[in-house]
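Numbering (the numbering used here), first residue to last: 114 to 315.
Beta carbons are placed, not taken as given, at the ideal position from N, Cα and C, and that holds for glycine.
Everything on this sheet refers to the single structure shown next.
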Amino acid sequence: MQLMEFGIFLTTNRKKIMNKEMHQAEQGGLSLTPVIVEAQAVETILVVIDMQPGYPAALDAVTQWFVKQEIQKQMEQNLPVILVEFDAHEMGETLQSLRDLLAGYKRLKVVSKSQNDGSTEVIAACRILTGYDTPFRLRVCGVNSDACVLETVQGLSEKLPLTSIVVPQDACNCLTGKENDVWVEDFPALLNVVVELHARGS
114 MQLMEFGIFL TTNRKKIMNK EMHQAEQGGL SLTPVIVEAQ AVETILVVID MQPGYPAALD
174 AVTQWFVKQE IQKQMEQNLP VILVEFDAHE MGETLQSLRD LLAGYKRLKV VSKSQNDGST
234 EVIAACRILT GYDTPFRLRV CGVNSDACVL ETVQGLSEKL PLTSIVVPQD ACNCLTGKEN
294 DVWVEDFPAL LNVVVELHAR GS
């Protein structure tokens, strides 16, 4: 059999096999109607944790500057922003300068928590802002990086194991400063978490 004839033979028999499989599937009650799945855009949601006057680490001008940069990037792309506040009646609302920056922004949600881990509140806010459960990406910043930020990220990592979480070091702070073990031990230990170390960016 010549090469061209052999190719025609294979093509013809492949069609026969496919037709037979389709017939068997139809006989078995399987639907062969093509299913069109609409692609869903994956948005990055910025989570700003406890940037309140009651936290000394939040008063650091450098940290505030970087948090503002994170917020401005979100606003330029019309992406969601979540402000997380720990007992605002005691620690104060999010810093006025940040609230002024976000004044009138429609894709903003402010949530309250009464414990270090605010992951439950963050996830609920994500669903409200996006209109769906998943997928979405998260950027988490604020204070304190060794307490509320860390525990919230740990909670998010556990509850949303398929969600990418980025923690920019420059936009975080704590009482011991920006350099502490969480950046080389705790955050990297979480499989779906990436840390952006000083001024490296994404």
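Taking the alpha carbon of K272 as the point to measure from, which residue in Y218, L304 and V155 has its own alpha carbon closest?
L304
Neighbourhood of I241 by C-beta distance below 7 Å, restricted to the same chain and skipping five residues each side:
K222
Among T157, D163, Y168 and Q177, the one whose alpha carbon lies nearest that of A284:
Q177
If D252 sits next to V279, beta carbons under 8 Å apart, how far is it from one beta carbon to the other, in whole angstroms?
In the sequence under discussion, the amino acid at residue 252 is Arg, which differs from the Asp named in the question. About 5 Å separates the two Cβ atoms, so the contact holds.
Sequence ranges, beta strand (DSSP E) only - wholly within the region 211-256, length at least 3
221-226 and 249-256
Taking the alpha-carbon positions, what's the A174 to S210 distance?
11 Å
Per the DSSP calculation, T157 is bridged to which residue(s)?
R250
DSSP three-state label for L303, please.
coil
Can you grab the Cα-Cα spacing for the pair L269 / T276, in whole Å?
8 Å
Using the three-state DSSP reduction, which class does V262 fall into: helix, strand or coil?
helix
Between R220 and P193, what straight-line distance do the alpha-carbon atoms span, to the nearest angstrom?
5 Å
Per DSSP, the bridge partner or partners of P372
Examination of residue 372 is not possible in this model, given that the chain is present from 114 through 315 alone.
Roughly how many angstroms separate the alpha carbons of L145 and G244, rounded to a whole number?
Low per-residue confidence applies at L145: pLDDT is 43, beneath 50, and the placement is therefore not dependable, though the value from the model is reported in the following sentence. For L145 and G244, the distance between alpha carbons rounds to 31 Å.
Using the beta-carbon count (16 or more within 10 Å), is Q185 buried or exposed?
exposed
Taking 7 Å as the limit between beta carbons, can you name the residues of its chain near M164, skipping five residues before and five after?
A171, V180, T207, L208, L211, G255 and V256
Mapping DSSP to helix, strand and coil, what is L192?
coil
Tell whether a beta-carbon distance below 8 Å holds between P248 and V155.
yes
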